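Numbering (the working numbering), first residue to last: 15 to 232.
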């Protein structure tokens, strides 16, 4: 009986020591193998002040950038002078904001859509959309191929010509600061008078994002 009791105590002791060892190993692993928490920092703020939770581009980033670009338009003296001289809502052809970053999955389509929607909502412009123009051309071609009643067919050459074309691009430049990787996104947009080939507006905005290592890896 005494022998069995000692054997049981010894077995329980081994289980306790093994459990403690596994727990200690787990804690050490969590501390040493820390994960990264990504943050977005404002243009005027230090890198330590986080505004986001990932170093990936978010829909909120798109909204912030487009809002700032529109603010620049409203405060751009040259562009406001152009509008006064034109005397009407300019017809603007939305070209394409190109993804020139190394990230093939950058949501450039979302950026283009948000910009198109925001431009339309201002009420300042009459918008001609690239995709719509291509679809309209296909429909007019169809109508004039004898497929519809000639009296209802729309004619080529009746569309409104654009006064301005808007183009842009997005760059991403990675930088290392104090052992951390900073992603600097630069968004450029510009408007050109189609008839004269002269820029009437150019705006640029930055968003900086970084990955910060947590101490406990949570």
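Ideal placement from N, C-alpha and C gives every residue a C-beta, glycine not left out.
As the structure is a prediction and not an experimental result, all values here were calculated from the model.
Item, Value
"DSSP bridge partner residues for residue 199 (one or two, in chain order)", "186 and 221"
"Through-space distance from residue 140 to residue 105, alpha-carbon basis", "5 Å"
"Beta-carbon proximity check, residue 13 vs residue 211, cutoff 9 Å", "This structure gives no information on residue 13, because the portion of the chain shown stretches from 15 to 232."
"CB contact flag (residue 187, residue 223, <9 Å)", "no"
"Cβ-Cβ distance between residue 201 and residue 182 below 9 Å", "yes"
"Residue 58 classed as buried or exposed, judged by whether at least 16 other C-beta atoms fall within 10 angstroms", "Unreliable placement is indicated for residue 58, whose pLDDT of 46 sits below 50; the coordinate value is still reported in the next sentence. Answer is exposed; the Cβ neighbour count stays below 16."
"Where residue 113 falls, given that 16 or more other Cβ within 10 Å makes a residue buried", "buried"
"Contained alpha helix (DSSP H) runs [length at least 4] in the stretch 85–111, N- to C-terminal order", "91–100"
"Beta-ladder partner(s) of residue 179, from DSSP", "107 and 206"
"Residue burial classification, residue 126 (beta-carbon count within 10 angstroms, cutoff 16)", "buried"
"Supposed close pair residue 77, residue 128 - CB separation, criterion 8 Å", "7 Å"
"Classification of residue 130 by the beta-carbon crowding that lies within 10 angstroms, buried from 16 upward", "buried"
"For residue 135 and residue 176, the rounded distance between their alpha carbons", "18 Å"
"Assumed close pair residue 1, residue 115 - CB separation to whole angstroms, cut-off 8 Å", "No information on residue 1 is available, as it lies outside the stretch 15 to 232 that the chain covers here."
"Spatial distance of residue 169 from residue 146 (CA atoms)", "16 Å"
"N- and C-terminal bounds of the alpha helix (DSSP H) containing residue 143", "Premise fails: residue 143 lies in the beta strand (DSSP E), 140–143, not in any alpha helix (DSSP H)."
"Check whether residue 142 and residue 107 have beta carbons under 9 Å apart", "yes"
"Proximal residues to residue 79 (C-beta, below 7 Å), its chain only, five neighbours per side dropped", "201, 219 and 221"
"Residue environment, residue 162, which counts as buried when at least 16 other CB atoms sit within 10 Å", "exposed"
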